[in-house]
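In order, the protein sequence lines correspond to chains A and B. So for the first sequence, numbering that gives the first Met the number 0 puts the first residue at 0; every next one is plus one. So for the second sequence, numbering that gives the first Met the number 0 puts the first residue at 0; every next one is plus one. Backbone N, C-alpha and C fix where the C-beta goes; we use that ideal spot for every residue, glycine too.
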Amino acid sequence: MAKEIKSQESIPASKVQRAARFMRTGVKVGKNYIRHYARNTVKPGSGKDQLHEENARDIYDSLSELKGSALKIAQMMSMDKNMLPAAYSERFQMAQYSAPPLSYPLVVRTFNKDLGKSPDNLFDTFTKNAVNAASIGQVHQATKDGKKMAVKVQYPGVAQSVSSDLKMVKPFAVNILGLNDVDVNHYMDEVETMLLAETDYELELKRSKEISEATSHIPNLRFPKYYKDFSSRNILTMDWLEGAHLDVFLKTNPSQEIRNKIGQAMWTFYDYQIHHMKAVHADPHPGNFILNEEGKLGVIDFGAVKDIPDDFYNKYFVLLDSSLLEDDDKLMKVFINLKFIYEEDTQKDIDEIFNILKTMVELLGRPFRVDQFDFGNDDYFKEIYEFGEESSKAKALKFSKKPRGARDGLYLNRTYFGLYSILNQLKANISTKSFWHENKFDL
Amino acid sequence: MKNFIQKIKKNYRDHFNMTNKPPRSISAFMQDMGEDEEAFKKYYKSFSDLDKEIWKDIAVSTITRVKAEDVYIDYAVREKMLSFLYTLVEEMKPYRAFVNYQFKHKKNGRIGITPKFLDDFKTEFMSFSHEIVNEGLDTTEIINRPFISEKYADALWVEVLFLISFWIRDNSANGESTDAAIEKTSNFAFDLLGQTPLDSAFDLVKFLFQRK
Chain A
0 MAKEIKSQES IPASKVQRAA RFMRTGVKVG KNYIRHYARN TVKPGSGKDQ
50 LHEENARDIY DSLSELKGSA LKIAQMMSMD KNMLPAAYSE RFQMAQYSAP
100 PLSYPLVVRT FNKDLGKSPD NLFDTFTKNA VNAASIGQVH QATKDGKKMA
150 VKVQYPGVAQ SVSSDLKMVK PFAVNILGLN DVDVNHYMDE VETMLLAETD
200 YELELKRSKE ISEATSHIPN LRFPKYYKDF SSRNILTMDW LEGAHLDVFL
250 KTNPSQEIRN KIGQAMWTFY DYQIHHMKAV HADPHPGNFI LNEEGKLGVI
300 DFGAVKDIPD DFYNKYFVLL DSSLLEDDDK LMKVFINLKF IYEEDTQKDI
350 DEIFNILKTM VELLGRPFRV DQFDFGNDDY FKEIYEFGEE SSKAKALKFS
400 KKPRGARDGL YLNRTYFGLY SILNQLKANI STKSFWHENK FDL
Chain B
0 MKNFIQKIKK NYRDHFNMTN KPPRSISAFM QDMGEDEEAF KKYYKSFSDL
50 DKEIWKDIAV STITRVKAED VYIDYAVREK MLSFLYTLVE EMKPYRAFVN
100 YQFKHKKNGR IGITPKFLDD FKTEFMSFSH EIVNEGLDTT EIINRPFISE
150 KYADALWVEV LFLISFWIRD NSANGESTDA AIEKTSNFAF DLLGQTPLDS
200 AFDLVKFLFQ RK
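The following block contains the structure:
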């Protein structure tokens, strides 16, 4: 029996074992730092990049042995280029496609428990091995009445392990990645809520219906049809979309025209959700999209949904108003409103944070201030990464005892980082017309 | 006759499910059924005999069910074992109180030591276990190692014992933790039985040693 995806030697079972796994990472990363400092004494200036690279590899190796939520967290952190040095995030992005498979008997058991029938009874054909790994489950291919379907099956106990996994990741994130405690807490709550929602496939089914109906008018966008009768809390059945994930798709050298078409669909899809629907679905990581040579964008994951409260929307997206960049007083007011800056901060901190934020607003808002934007322009992304590295060193942010920015902001930042990063990989040159203009803001 | 035995077993199980303990005495138990002790003694000497047979039934019906599945012949031995364990959990479900009681009151508390009431269950399982180990050796999914190979089937028995104790203590929704435990212990067991780095290490050491 050839196994396509080879099972891991062992999957850490109990919380203790998993904690041990994290500790091992801690020790290894410590070792890398020692190596780094040793190297630096011998040969000053050997870049921190190499250190990041080594740490990222160790952290990734440890995380990839954990299934479920820890893997998901790695993915999410990988999205947030803001939070992680570039080397970490590149490594983490690999986590998006690899997780060890569930055994077929367990798949059968899940079907029997949830739907009362084995997959062989429900479908005409059903692949025994997973054709794809999703972060909290795996995908099988099935056919029914001549129709090809994708069936997602969830790992058992994922929902229960979310909270305990997060508790383990927290000190790890604080100590090893050098993030500040307050930010991490802030972030973790948000992540936990979302992860729990993601483990509920019934909810996902409902949302997929809502969102695909609401955005069906956007050209070049397609959604799979979901099958309620073949779905449950742990099983989700949908149409099989032909096409490939981003990395594979790009290897086929699609023409600029096709890449623009897909990029445009992606931009409009997110823009419409954020600025018109005020709810954003499906965190934009490459695993959630299926692209094809006709230039159609398939969206296959509706796990994460974030409602954007109106008052937050207004406070936050007023930042896209370009007149703000010429009026520091007004801009300061917006930052204070958003709790990015507190009035009781020291003047030194205020200055430092203000400058960082202003740069961020200018950088991230840039596509909005023009009609057409070339996301293939690597200089722009270099600027973003450099800014990310720079701001992660800022003392006022790093040692801040207060959370900076509302939780909702963290989530939206991630969405935009993810979106921009995919558009960059696509090298899409697109119209960045935005539904933002529909909204009214008071300054 | 068969019906009568079935009735005894069912009433016995129901008694556990309602009271979480065995009947006070054979006569009291039979009286509730409207029968006398003699009728019971015709088939079993004691409750322990009955216990053993119920366990044996569980093993037999589990193995029958597993083998009846269409996919069974296509399974790798790892999957055959997994399928056995998932089905076992299903088969034990109606006997939850019975199993609980037996495991909590067994004389030998240590994992790996087979309690008396599992004697016949073990015999049934071992023949299944030997069957899949041999098949695994044929397909090389399991590696033949001198002296150790004979113990493979016993190792799988220890896994079964462990998982029954795990299942008893599992309070997770839908027994999801047990599912995860089954998956993980089986992967671990079969990874050990298959080719491991230790085999090549041993081979290397042997080679170096012989060249001296």
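Can you give me the Cβ contacts of residue i inside the same chain, cut-off strictly under 6 Å, excluding the 5 residues immediately before and after it?
| i | result |
| --- | --- |
| Val65 of chain B | Ser82, Phe83 and Thr86 |
| Phe39 of chain B | Ile25 and Met29 |
| Met372 of chain A | Reading off the sequence shown, one finds Phe at residue 372 of chain A, where the question assumed Met. Cβ within range, chain order: Pro366 and Thr431. |
| Ala96 of chain B | Phe15, Asn16 and Asn19 |
| Ala58 of chain B | Phe120, Glu123 and Phe124 |
| Ser207 of chain A | Tyr225 and Phe301 |
Quick check: residue i and residue j, are their CB atoms within less than 8 Å of each other?
| i | j | result |
| --- | --- | --- |
| Ile349 of chain A | Phe339 of chain A | no |
| Glu437 of chain A | His244 of chain A | no |
| Ile131 of chain B | Gly193 of chain B | no |
| Ala75 of chain B | Glu140 of chain B | yes |
| Met276 of chain A | Met148 of chain A | no |
| Met193 of chain A | Leu422 of chain A | no |
| Leu296 of chain A | Ile335 of chain A | no |
| Leu324 of chain A | Glu361 of chain A | yes |
| Leu240 of chain A | Ile289 of chain A | yes |
| Ile234 of chain A | Asp326 of chain A | no |
| Leu330 of chain A | Tyr315 of chain A | no |
| Thr414 of chain A | Pro283 of chain A | yes |
| Asn258 of chain A | Leu418 of chain A | A small correction: the amino acid at residue 258 of chain A is Arg; Asn does not occupy that position in the sequence shown. No. Outside cutoff. |
| Ala129 of chain A | Pro100 of chain A | yes |
| Ser60 of chain B | Phe102 of chain B | no |
| Lys44 of chain B | Asp119 of chain B | no |
| Val333 of chain A | Leu318 of chain A | yes |
| Lys8 of chain B | Ile53 of chain B | yes |
| Phe386 of chain A | Thr358 of chain A | yes |
| Met80 of chain B | Ser176 of chain B | no |
How many Å lie between residue i and residue j at the Cα?
| i | j | result |
| --- | --- | --- |
| Tyr312 of chain A | Glu292 of chain A | 36 Å |
| Pro21 of chain B | Thr63 of chain B | 28 Å |
| Tyr154 of chain A | Phe124 of chain B | 28 Å |
| Ile212 of chain B | Phe15 of chain B | Because chain B spans 0 through 211 in this model, residue 212 of chain B falls outside it and cannot be assessed. |
| Asp119 of chain A | Lys227 of chain A | 18 Å |
| Val204 of chain B | Ile147 of chain B | 18 Å |
| Gln251 of chain A | Phe125 of chain A | Before going further, note that residue 251 of chain A is Thr rather than Gln in the sequence given. Those two C-alpha atoms are separated by around 29 Å. |
| Phe127 of chain B | Val138 of chain A | 31 Å |
| Glu197 of chain A | Lys151 of chain A | 12 Å |
| Arg108 of chain A | Asp178 of chain B | 9 Å |
| Leu49 of chain B | Glu203 of chain A | 49 Å |
| Tyr225 of chain A | Lys205 of chain A | 9 Å |
| Ser77 of chain A | Asn428 of chain A | Bear in mind that the predicted position of Ser77 of chain A carries a pLDDT of just 46, short of 50, making it unreliable; the figure below should be weighed with that in mind. The alpha-carbon atoms of Ser77 of chain A and Asn428 of chain A are separated by roughly 24 Å. |
| Val106 of chain A | Glu343 of chain A | 56 Å |
| Ala200 of chain B | Phe208 of chain B | 12 Å |
| Gly302 of chain A | Ser420 of chain A | 20 Å |
| Leu197 of chain B | Ala278 of chain A | 53 Å |
| Phe91 of chain A | Lys150 of chain B | Confidence at Phe91 of chain A is low in this model, with a pLDDT of 42, below 50, so its placement is unreliable and the value that follows should be read with caution. If you take the alpha carbons of Phe91 of chain A and Lys150 of chain B, they lie about 42 Å apart. |
| Thr195 of chain B | Leu220 of chain A | 48 Å |
| Leu162 of chain B | Ala180 of chain B | 7 Å |
| Gly375 of chain A | Lys92 of chain B | 59 Å |
Per DSSP, residue i forms a beta bridge with which residues?
| i | result |
| --- | --- |
| Ser430 of chain A | A:Gln371 |
| His14 of chain B | None, per the DSSP bridge assignment. |
If I measure Cβ to Cβ from residue i and keep anything under 7 Å in the same chain, skipping five residues before and after, which residues do I get?
| i | result |
| --- | --- |
| Gln30 of chain B | none |
| Ser321 of chain A | Arg368 |
| Gly44 of chain A | Residue placement at Gly44 of chain A is flagged as unreliable, the pLDDT there being 43, under the threshold of 50; the coordinate-derived value follows with that caveat. Nothing listed; no residue qualifies. |
| Asn271 of chain A | The sequence given here places Tyr at residue 271 of chain A; Asn does not occur at that position. For Tyr271 of chain A, where only same-chain residues beyond five positions count, the Cβ hits under 7 Å are Thr214, Ile217 and Phe434. |
| His129 of chain B | Ala152 |
| Ser117 of chain A | Val107, Phe110 and Asn111 |
Tell me which same chain residues have a C-beta within less than 8 Å of the C-beta of residue i, skipping the five on either side of it?
| i | result |
| --- | --- |
| Lys6 of chain B | Met32 |
| Asn287 of chain A | Ala281, Val298, Ile299 and Asp300 |
| Glu68 of chain B | Ser82 |
Run down chain A in chain order and give the residues with a C-beta less than 7 Å from the C-beta of residue i.
| i | result |
| --- | --- |
| Asn143 of chain B | Per Cβ cutoff of 7 Å: no residues; Asn143 of chain B is ~18 Å from chain A at best. |
| Asn173 of chain B | Lys112 |
Name the chain B residues that come within less than 7 Å of residue i, Cβ to Cβ?
| i | result |
| --- | --- |
| Pro104 of chain A | Glu78, Leu81, Ser82 and Tyr85 |
| Arg108 of chain A | Tyr85 and Asp178 |
Just to make sure I have the definition right: I need the residues of chain B whose C-beta is within less than 8 Å of the C-beta of residue i. Which are they?
| i | result |
| --- | --- |
| Leu101 of chain A | Glu182 |
Which residues of chain B have a Cβ atom closer than 9 Å to the Cβ of residue i, listed in chain order?
| i | result |
| --- | --- |
| Asp119 of chain A | Glu68, Asp69 and Val70 |
I'd like to know whether the C-beta of residue i is nearer than 8 Å to at least one C-beta of chain C.
| i | result |
| --- | --- |
| Asp119 of chain B | No chain C appears in this structure, whose protein chains are A and B. |
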